[in-house]
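Contents: one structure, followed by commentary.
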Amino acid sequence: FSSFPTPSPAPQPPTMPVVPTVDISDLTGSAETTEITWIPTDMLPTSAETETTMQELPKTVPTTMKETSTTAKTVPPTTTPSSTKPQRLAPVFNPAQITVTADENESEIEIAKVHASYPDGGSGTISYVLHKGDPSLFAVSSYSGSVTLLRPLDAETDTSYQLQAAGLAVDPSMAHFVSITVHVGDVNDWIPNFENSNYNFIVQEDTMPGTIIGQVTAFDQDKQDPNNRIRYRLVSAGGLEQHFSVNSETGLITLALQVDAFAGEKITLRIEASDSGVPAQSSMTTVLIDVVPTTSQVIPNGTPFSSRPSEGALQFSLRNYTTSVSESVRPPNLVQVLSVNNKPADTRFITCNIVSGNYRGAFSVTAGNDGNCELRTQMELDRESVERYLLNITVTAGSETDFALVSVTVLDVNDNVPRFIYDNDLGLTTYFAGVSSTAGAFTRVLTVKAEDADLGNSSVVNYALDPLSLHSKYFTVSPTGEISTKQSMSQLLQKSRISYFELRVSACDSPIAGQQLCSKADVVINVITESHRFRMITTGLNPQQLRAHEKRYKDPKGTKSLLPPD
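First residue of the sequence shown: 1125, per the numbering used here; consecutive thereafter.
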């Protein structure tokens, strides 16, 4: 039979008739049926197309014909389009790391903003999410990428937080994140607190000036300096402020003048502790000073005795001892031997003790083999901290007891280097000054100042310009630290076009003996011309407010807005 239909006279689109089913059982003896589809030759794939598509589809459908012969009918391959769409690469964040600072106690503010884009440069919607971090403290806007602080932070609890933001619904195997480090800025929100609400100290009426009679201590829970740096100040003393002094850094209370005129009285001091934050926080405490007459019993729980012990009784050879010790000696150093009279034959049972005045355990006293009391240093002394000690020492043998007062003066050693004082309100260890371009010779430019904590000649500071500094030849410095020009600026600027000068000034102490100690400071002097001058006009701001923001206006580290904060 013919498998091809008779062509029509008029050209028609090719048709694909189906050949009637052939009963293969007539040929093979099986009951299988096979449909053979006719495909015009002009629609058959080329050899190149066949090689491409044959890997995707079955090539032949074999059909067995009898037991002794086989035949194969080729089924033309067809191309099936892929149903899997390639996944797009995840958005990439730029920058990938962000570091910000958020002051504690602030909330509901934007602290950062993240941004991501697709690597292929195409457009597309990106939704941002907080991938890591505390969702009760931070939130990320899904639309804008804005990172918001929800609740106030506390620098005393945590100083920093680590966050991660990511794009939503991306392939996890190709995920990209942005890491955000949030540092918590310390705010001066803690008030200094004294360890005690009030203090009580006892001082003998004949106590020598310079003796430390007590100490007050306060603490501040702020995390960072200067918010937790405490300074002490004597506010009032009932009109006797000149009789006492308070160390601003340590809180040590020192007797400045004799108080024998106030024996038997109680003196009330009011001492303030303030931190160094802006604005400063402060608190007050009360100190009660009890001035005890010397005729009162000095030794608690001791046997009463007069200032003149009876003959034959155990007693010191002197009632009052005066001695001195250098602050440079290393402990243990023998300071004084207190001779004891009328000692028992067996000196092993003699004991010596310090009853009062031994601030921070600076001294110890023991009975020697001969039964005398030996006073020694137990720690390194510091003349700048404690100038004089008044020790109440007792000697005991059996039921007999005697006492003596030992005044120990700490001798100064040149152990402190002069320290420059920088009054620029910016915390910079450099002096800045300006000189007019029309200034004449010997014009004073600025004064530097250094202080030495030593005493006497060791505290006298002399100044000099470092001859190796770049522009020292154009200036002079007086022994008091006053820096002046050597010649007029007009003459100097004619020789060289200099817009600023760099100097280095040294400050040295003047010890009578021993090594001289010095320190140095850098000085920058700018030449001021008419082009540098400007006039600042403010409205709605009084001079006090302007002065409060002066530090922001003068900040040399960067440009600041001249407008005050809202």
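No residue lacks a Cβ here, since even glycine has one placed at the ideal position from N, Cα and C.
Going by C-alpha positions, residue 1540 is about 17 Å away from residue 1373.
By the Cβ criterion, the region 1525 to 1540 is not in contact with the region 1348 to 1364, since fewer than three pairs of Cβ atoms, one from each stretch, lie closer than 8 Å. Assignment of residue 1239 by DSSP, reduced to helix, strand and coil, places it in the coil class. If one requires a minimum length of 3 residues, the beta strand (DSSP E) runs lying completely within the region 1526 to 1560 are 1554 to 1560, in chain order. Every beta strand (DSSP E) stretch that sits fully inside the region 1442 to 1478 and reaches 3 residues is listed by chain position as 1444 to 1450, 1458 to 1462.
In this structure residue 1397 touches residue 1342 by the C-beta definition: roughly 4 Å separates them, less than 8 Å.
A direct Cα-Cα distance of roughly 17 Å separates residue 1478 from residue 1455. Less than 8 Å divides the Cβ of residue 1399 from the Cβ of residue 1353.
Within the same chain, 1439, 1441 come within 6 Å of residue 1465 by CB-CB distance, once the 5 residues on both sides are set aside. Rounded to whole angstroms, the gap between the alpha carbons of residue 1644 and residue 1216 is 52 Å.
DSSP, read as helix, strand or coil, puts residue 1586 in strand.
Within its own chain, the residues whose Cβ lies closer than 8 Å to the Cβ of residue 1240, once the five positions on either side in sequence are excluded, are 1215, 1216, 1217, 1218, 1250, 1252, 1269, 1291, 1300, 1302, listed in chain order. Taken atom to atom, the span from the alpha-carbon of residue 1222 to that of residue 1266 is near 18 Å. In the three-state reduction of the DSSP assignment, residue 1614 falls in the helix class, which pools H, G and I. Taking the C-beta atoms as reference points, residue 1569 is found nearer than 8 Å to residue 1559. Residue 1617 is positioned such that its CB atom lies no closer than 8 Å to that of residue 1655.
Below 8 Å, enough C-beta pairs join the region 1509 to 1525 and the region 1323 to 1339 to call them touching: three or more. Boundaries of the beta strand (DSSP E) around residue 1256: 1252 to 1256. If you compare the alpha carbons of 1383, 1340, 1417, 1418 with that of residue 1409, the shortest gap goes to 1340. Within the region 1306 to 1335, the beta strand (DSSP E) runs of at least 3 residues that lie entirely inside it are, in chain order, 1322 to 1328. Within its own chain, the residues whose Cβ lies closer than 8 Å to the Cβ of residue 1457, once the five positions on either side in sequence are excluded, are 1449, 1500, 1501, listed in chain order. Using a Cβ distance threshold of 8 Å, residue 1626 and residue 1594 count as a contacting pair. Residue 1563 and residue 1667 have their alpha carbons spaced roughly 29 Å apart. Residue 1408 is bridged by DSSP to 1396.
Apart from sequence neighbours up to five positions away, the residues of its chain that approach residue 1347 with a beta-carbon distance below 6 Å are 1279, 1280, 1310, ordered along the chain. Inclusion of residue 1505 and residue 1534 in the CB contact set at 8 Å is warranted, their separation being smaller than that value.
Inter-residue distance for residue 1305 and residue 1665 is about 37 Å (C-alpha atoms, whole angstroms). Under the three-state reduction of DSSP output, residue 1365 falls in the helix class. In chain order, 1564, 1565 place their CB closer than 6 Å to the CB of residue 1612, counting only its own chain and leaving out the 5 sequence neighbours on each side. When the Cα atoms are used, residue 1601 and residue 1545 turn out to be separated by approximately 16 Å. If you ignore the 5 residues before and after residue 1417, its C-beta comes within less than 7 Å of the C-beta of 1329, 1387, 1388, all in its own chain and listed in chain order. Bounds of the beta strand (DSSP E) holding residue 1288 are 1284 to 1291.
In the three-state reduction of the DSSP assignment, residue 1670 falls in the helix class. In the three-state reduction of the DSSP assignment, residue 1226 falls in the strand class, which pools E and B. Spanning the alpha carbons of residue 1283 and residue 1375 requires a straight line of approximately 30 Å.
Straight across, the Cα-Cα distance linking residue 1650 with residue 1547 is about 17 Å.
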